[in-house]
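Engineer: So that we are looking at the same thing, I have put the structure below in structure tokens.
In structure tokens form, the structure reads like this:
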């Protein structure tokens, strides 16, 4: 249902809740809205003027934005429903779904559908690679149930974030990004928890120490693939001291996590 029809349905519901005919409902406005005008509003063929929208919003106890675009909660529910529908196929196979989304076999009709499919592809990349069920090991038959759990988890997190940063219902693209961000964070075990912060800190230090510094300083020879140090002006003593600091930092993060019960020290 497009937004004009959604608005029309809300106007009709409001009129019926007031036990008014279309003629009676039109008399709430100045100038009066004719019966035919109200009918076109309700069918979604015409959108009321800004002044009349404001009056309708006042009568319904909603904001104009909610009338036009719905609520954020409603939009999140729509996204959940659309994602869940992609899983609702006989003999569900996540590989088939990803192939269809990436190749465009679903034959999207418009920009909104293409944007949704691009989002769904990015979102499910993390969901299908992650674990949301409490089972020790997941079988291929668990993929659908696990994905449903993942969608529900991300929806809860997005609802919390959307409320805090004041996301509006019409900001669909932003909501897509928030869904994908939550799925990515769960996959990387970098959630907004003590454990997530611990993992983020550890992985960030490790990334600098084990990946970024070597990537900066070394390259592979094309003839034999051996790693060689690239020309640079870095002071060797400075590099050694920096590596020691990073190594000590990693140890300190472990100790802090163990002391606060965030990380169980196995040593």
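Residue numbers (the working numbering): 445 to 711.
Backbone N, C-alpha and C define an ideal beta-carbon position, used for all residues, glycine too.
#1: Looking only at DSSP bridge pairs, what is residue 673 linked to?
#2: Since residue 642 and residue 697 should fall inside the 8 Å C-beta cutoff, what is the C-beta to C-beta distance between them, to a whole number of angstroms?
#3: What are the start and end residues of the alpha helix (DSSP H) that includes residue 558?
#4: Report the option in 523, 490 and 447 whose CA atom is closest to the CA atom of residue 602.
#5: How would you call residue 664, buried or exposed, if buried means at least 16 neighbouring beta carbons within 10 angstroms?
#6: Using only the alpha-carbon positions, how far apart do residue 712 and residue 499 sit?
#7: Is residue 679 near the ligand NAD - that is, is its Cβ less than 6 Å away from at least one heavy atom of it?
#8: What alpha helix (DSSP H) runs, 4 residues minimum, are completely inside the stretch 454 to 519?
#9: Quick check: the stretch 609 to 619 against the stretch 503 to 521, are at least 3 beta-carbon pairs closer than 8 Å?
#10: The alpha helix (DSSP H) with residue 649 in it runs from where to where?
#11: Considering only the alpha carbon of each residue, which of 661, 502, 681 and 637 lies closest to residue 705?
#12: I'd like to check one pair, residue 595 with residue 660: are the Cβ atoms closer than 7 Å?
#13: Take the Cβ of residue 672 as the centre, count every other Cβ of all protein chains shown within 10 Å, and call the residue buried at 16 or more, exposed below.
#14: With burial defined as no fewer than 16 other Cβ atoms inside 10 Å of the residue's Cβ, what is the status of residue 711: buried or exposed?
#15: Determine the closest residue to residue 495 out of 694, 627 and 507, with distance taken between C-alpha atoms.
#16: What three-state label does DSSP hand residue 711 in the structure shown?
#17: In three-state terms, what does DSSP make of residue 706?
#18: With 16 other CB atoms within 10 Å as the buried threshold, where does residue 477 fall?
#19: Of the residues 450, 608 and 462, which one's Cα is nearest the Cα of residue 491?
#20: Compare the Cα-Cα distances from residue 692 to each of 650, 619 and 525 and report the closest residue.
#21: Evaluate contact between the stretch 582 to 590 and the stretch 620 to 638, counting only Cβ atoms and requiring at least three cross-stretch pairs below 8 Å.
#22: With H, G and I counted as helix, E and B as strand and the rest as coil, what does DSSP make of residue 522?
#23: Could you name the residues of the same chain whose beta carbon sits closer than 6 Å to that of residue 453, not counting the 5 residues immediately before and after it, in chain order?
#24: By Cβ distance, which residues of its chain are closer than 8 Å to residue 535, with the 5 residues on each side in sequence left out?
Structural biologist: The relevant details are as follows:
#1: In DSSP, residue 673 forms a bridge with 662.
#2: 7 Å
#3: 555 to 571
#4: 523
#5: Classification for residue 664: exposed.
#6: For the chain, the structure presents residues 445 to 711; residue 712 sits outside this window and is missing.
#7: Questions concerning the ligand NAD fall outside what the structure shown contains, since it holds no ligand whatsoever.
#8: Annotation note: the stretch 454 to 519 contains the following uninterrupted alpha helix (DSSP H) runs of length 4 or greater, listed N- to C-terminal: 466 to 470, 479 to 487, 494 to 504 and 508 to 513.
#9: yes
#10: 638 to 650
#11: 637
#12: no
#13: Counting Cβ neighbours within 10 Å, residue 672 comes out exposed, since fewer than 16 surround it.
#14: Because the pLDDT of residue 711 is 46, which lies under 50, any placement of that residue in the model is unreliable, and the question is left without a value.
#15: Of the residues 694, 627 and 507, the one whose Cα lies closest to the Cα of residue 495 is 507.
#16: For residue 711, the pLDDT reaches just 46, beneath the cut-off of 50, and the residue's location in the model is therefore unreliable, leaving the point undetermined.
#17: In this structure, residue 706 counts as coil in the three-state DSSP scheme.
#18: It counts as buried.
#19: If we check each option's Cα against that of residue 491, 450 comes out closest.
#20: Closest option to residue 692, Cα to Cα, is 650.
#21: Contact between the stretch 582 to 590 and the stretch 620 to 638 is absent: fewer than three C-beta pairs spanning the two stretches fall below 8 Å.
#22: helix
#23: none
#24: none
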